[in-house]
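Below: the structure, in structure tokens.
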Amino acid sequence: MTGRVLSRRSALAGLTAGAAAVAGGSCAEDLLRGSGPRPVAAMLDDLVGSYDFNQGWLFGGPYVKGAESPGHDDSGYARVTLPHTVTDLSWTGWDYRTWERTWIYRKHFDSAFTAGSRVLVTFDGVMTNATVVLNGRVVATHAGGYLPWTAELTGHLRPRGNVLAVIVDGRWLDVPPDALADGPPTMDFLQPAGIYRDVRLEVVPDIYLEDVFVLPRNVLAAGRTVRVTASVQAGTVPRGGAAAVTAALLDGDRTLATARTTLRIGRPGTHAVALTIGGTGPVSYWSPEQPKLYTVRTTLTYAGGSGVRARPGGTHTTGTRTGFRAAVFRQDGFYLNGSRQAIFGLNRHQLFPYLGMAAPARLQRRDAEILKNELNVNMVRCSHYPQSPHFLDACDELGIMVWEEPPGWGFVGDAAFQRQVLANVRDMVIRDRNRPSVVVWGTRLDETKNYPALYARAREIAYALDGSRQTSGAMTTQSTAGWAEDVFGYDDYHVVAGEPSLAPPVAGVPYLVSEAVGTILPTFRWFDPPAVLAGQAYAHALVHDQAGSEPGYAGLIAWCGFDYYSGPPSASDAWGRIRNWRGMKTPGIADVFRVPKPGAAVYRAQADPAARQVIVPAFFWDNRTPPGAAAMFATNCDRLEIYLDGEHHATATPEVATFGNLGHPPAFADLTVAGGALPDVRVDGYTAGGARPAATLLMTADTSRDRLVLTADDAVIVADGSDATRITFRAADAYGNHRPGVTGDVALSVRGPAVLIGSNPFPFGESGGVGGAFLRSVPGKTGTVTVTARHPSLGEATVAVRVSRAYAGTA
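With my numbering, you'll find the sequence shown wraps up at 972, consecutive numbering, no jumps.
As structure tokens, then:
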């Protein structure tokens, strides 16, 4: 819900009793406290909107009886900012037993400024079940950890001294994806408990727009329209029993077309209204290459009653982003806006070291930026649950197509469990049906056997609530018996002669490879044999090439983007014990710190040569493990000239014969060197017809010049206590190439208004010479933060990050 919101971060000033203003000015603070120069009722139109409610929470650890009561003594509770995880986590070795219990959060706030309005609180995600208690009264309960829900606070608020308590049940429950009988050790991914996504306070009029669904129709035709369907919550009957509803299609600030209708409201409750916007004129289509977004501004206006005690009228406006695109899977591939487009993608888990799933907006968006700008994918599968709205916002904006699916993994429970599955499908579709990035709904739980009635009903729900997207679900067999989706998704881990080899597409249905490569070998860690790490790159190149070999494949979404955290395997699961390294699964082409491994080389090379030329080695250059006769270079150059100690050694060109269906095939060269220390390497990359190198790669085996590389993703973060940026540190040669095998600890020091979230010192030798941490702001404190990393043999490195008062562009 959006109206005239003072500032995205201004709510803290008035919503947390006794708090100093963190963002916004004194005028905003007075207004939110209800102490401005005008009566609050006269300012209601100014206050309608959505306010950040992440700051000023108190966390008391495990729940004790009565901890939700207003008079409970919380003076010893820790002050926390959301998103939050209930237990401290390291970069490895998570123990699910530390969060498998019930917890309590409390928040004190004033609400005089909400007089005359309805007040809601929306939780984007609480792991796993939650009970919300306001001033001693239960106002909401919710089951499941991955989808948003709202509690209405109207009628239970006091002008001063409210206490909102949230009881969080983080135990293993009979709620998807959990399997009550088996417990966390059988789950592929861990789920740390907490209020791990954002919370918002929604201030709305008596009659407001609860949900708006914007559906562009006949997108490729000149007569395209935009269908706007709104759910209206009426707490009263307006004067005349009617409300006016208008919808405007906007391109930035420019209005392209409008529509208007009247909604009849004869009773309080939920009402539906629909409008069709026509005459849009020419539009730009949304695509990975050009992710054009539009906004539909929907406004509801109603008149109040008459008389002294009559409620005033009101206006409620929302802005809904949309995009014009036509996406369809056919038996001969995937078509976007009428043209066939090969899907080149990765799966993604939203688990972060130290933070669990409680990563703030900037880190969630950064994952999307890595996938798009560094790994060059055009699609991501949100495995195996609906992921952060911030991540999906970035997918909309950057042009990453999305497969989204409900929470689940390999298990379907009893009737109550299945009802929750259907509720999750419903809530998932409602949450994200406006996103142009979402091109297919996963409506079955990952890698489960067929439940024809359940999954047919799930597909019907997606059709009824959306109707513009096909459905799918990841299968482990290629049988269509009892299959209930539109697009056959298959997790393909076939191996032939030691190499991955995709099965032929299932005939007669649209077909998409939903996983490949990741579990063929047990681990891909920085300190694994270099041949294993190079083999990961080779395997990913092979499967993407095979997926492009015939039109029956819509494409391939490989397993997976980032390493992730998993429960300990059972004693009888020998394969699981090999795959699980210190509580982590390591099939990612990037590690848990989001640093690309050699396995990422083929993805990094798929960049548009017109934007940048890339040469990425899938090997290390050191005297212990030289790459030998088939050294792999991932590149988008047309020719590589290779020099050893300045002498020309070889010419390499992309291996089109083996990888001709890749946009940019890798190149291979014999780098066998007889005896002694390895020479320095220079690789010059040329584009077709280019007389000068378009890119150059330098590598050295001389460890005396090795150094410590420290980077921060962002130059500026915000002083709200939630915002954070990633820092990484690596052992590198003189030219920045990764150097594995370095031992010793990296010690970190921080000066300035921020908190380091990470292991300090960090054990470099345990990770393979790569590490990371997060720098999180402190509420209300601004200035420059300096981070210094020191290593006993690599020296030290420094990076600076500025902490500012507010987001650029806020009011």
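For glycine and all other residues, C-beta sits at the position ideal for the given N, C-alpha and C.
What span of residues does the beta strand (DSSP E) with Tyr455 cover, start to end? Where Tyr455 is concerned, the enclosing beta strand (DSSP E) stretches over 455-463.
Do you know how far the Cα of Met540 is from the Cα of Leu532? For Leu532 and Met540, the distance between alpha carbons rounds to 9 angstroms.
Could you give the C-beta distance for Arg912 and Val946, rounded to a whole number, given that I count them as a contact under 8 angstroms? A Cβ-Cβ distance of about 7 angstroms is found for the pair Arg912 and Val946, placing them in contact under the 8 angstroms criterion.
Bounding residues of the alpha helix (DSSP H) (the contiguous stretch that carries Ser928): Per DSSP, the continuous alpha helix (DSSP H) segment holding Ser928 begins and ends at 925-928.
Proximal residues to Val241 (C-beta, below 6 angstroms), its chain only, five neighbours per side dropped: Closer than 6 angstroms at the Cβ level, and outside the excluded window around Val241, lie Trp218, Phe220.
Per DSSP, what kind of secondary structure is His551 in: helix, strand or coil? Taken through DSSP and simplified to helix, strand or coil, His551 comes out as helix.
For Pro691 and Ala792, what's the separation of their Cα atoms in angstroms? When rounded, the distance between both Cα atoms is 11 angstroms.
Around the C-beta of Leu436, are 16 or more other C-beta atoms found within 10 angstroms, so that it is buried, or is it exposed? Burial is judged here by how many other beta carbons sit within 10 angstroms of a residue's own beta carbon; Leu436 has at least 16 and is buried.
Less than 7 angstroms separating the beta-carbons of Ala716 and Ile776? The sequence as given places Gly at residue 716; Ala does not occur at that position. Annotated as distal: Gly716 and Ile776, with beta-carbon spacing of 7 angstroms or more.
Go to Glu808, then tell me how far its beta strand (DSSP E) extends in each direction, as first and last residue. Looking at the DSSP string, the run of the beta strand (DSSP E) that includes Glu808 is 808-813.
According to DSSP, is Asp652 part of a helix, a strand, or is it coil? Note: Asp652 maps to strand in three-state DSSP.
DSSP has Leu213 in a bridge; who is on the other side? In the sequence under discussion, the amino acid at residue 213 is Asp, which differs from the Leu named in the question. Arg361.
Tell me where the alpha helix (DSSP H) around Tyr699 begins and ends. DSSP places Tyr699 in the uninterrupted alpha helix (DSSP H) bounded by 691-708.
DSSP on Glu450, reduced to helix/strand/coil? Three-state DSSP puts Glu450 in coil, outside helix and strand.
Skipping 5 residues on each side, what residues in its chain have a beta carbon closer than 6 angstroms to that of Gly824? So the list reads Gln767, once near-sequence residues are dropped.
Does the distance from the C-beta atom of Val648 to that of Ser598 stay below 7 angstroms? Their beta carbons are not under 7 angstroms apart, which means Val648 does not touch Ser598 by this criterion.
Buried/exposed call for Asp884, threshold 16 Cβ in 10 Å: Of the other Cβ atoms in all chains shown, 16 or more fall within 10 Å of the Cβ of Asp884; this residue is therefore buried.
Met278 to Tyr463 span [Cα, whole Å]: It should be noted that the sequence gives Ser, not Met, for residue 278. Those two C-alpha atoms are separated by around 14 angstroms.
From the DSSP secondary-structure annotation, give me the bridge partner or partners of Ser633. Its beta-bridge partners are Gly603, Val648.
Where Ile622 falls: helix, strand or coil (DSSP): Ile622: helix per DSSP, three-state reduction.
Output needed for Tyr238: all residues of its chain with C-beta closer than 7 angstroms, excluding positions within five of it in sequence on either side, in chain order. Once the five neighbours on either side are set aside, the close Cβ partners of Tyr238 are Leu219, Phe220, Gly221, Arg267.
Give the DSSP-derived three-state secondary structure of Phe374 in the structure shown. In the structure shown, Phe374 adopts extended strand secondary structure according to DSSP, grouped into three states.
I need the DSSP call for Ser251, collapsed to helix, strand or coil. It is coil, neither helix nor strand.
Return yes when the C-beta of Gly728 is under 6 angstroms from any heavy atom of the ligand MG, and no when it is not. Among the components modelled here there is no ligand, and therefore nothing to report on the ligand MG.
Burial state of Leu193, where buried means 16 or more other Cβ atoms lie within 10 Å: Because Leu193 sits at a pLDDT of 30, beneath the cut-off of 50, its placement in the model cannot be relied upon, and the point is left open.
Distance check for Arg258 and Glu711, CA to CA, integer angstroms please. Rounded to the nearest angstrom, the two C-alpha atoms are 48 angstroms apart.
According to DSSP, simplified to helix, strand and coil, what is Thr820? Reading off the sequence, residue 820 comes out as Phe, not Thr. Here Phe820 sits in helix by DSSP.
Would you kindly work out how many angstroms separate the C-alpha atoms of Ala645 and Tyr357, rounded to a whole number? In this structure, the straight-line span from the alpha carbon of Ala645 to that of Tyr357 is close to 33 angstroms.
Which residues in the same chain have their Cβ closer than 6 angstroms to the Cβ of Ala409, if we skip the five residues on either side of it in sequence? Excluding the 5 residues flanking it on each side, Ala409 has same chain C-beta neighbours closer than 6 angstroms at Thr416, Thr419, Arg458, in chain order.
Please state the DSSP three-state secondary structure of Tyr257. Helix at Tyr257.
Gly737 - DSSP class collapsed to helix/strand/coil: Helix at Gly737.
Cβ contact (3+ pairs, closer than 8 angstroms) linking the segment 683-697 and the segment 913-930: The segment 683-697, when compared against the segment 913-930, does touch it at the 8 angstroms Cβ threshold.
Under 7 angstroms between the Cβ atoms of Thr397 and Asp367? Their beta carbons are under 7 angstroms apart, which means Thr397 touches Asp367 by this criterion.
Check the DSSP bridge columns for Asn290 and list the partner residues they point to. The bridge partners DSSP lists for Asn290 are Asp330.
Counting pairs of beta carbons, one from the segment 489-509 and one from the segment 420-429, are three or more of them closer than 8 angstroms? Judged by pairs of C-beta atoms under 8 angstroms, the segment 489-509 does not touch the segment 420-429, as fewer than three such pairs exist.
If you follow the alpha helix (DSSP H) that Val582 is part of, which residue opens it and which one closes it? Per DSSP, the unbroken alpha helix (DSSP H) holding Val582 starts and ends at 576-593.
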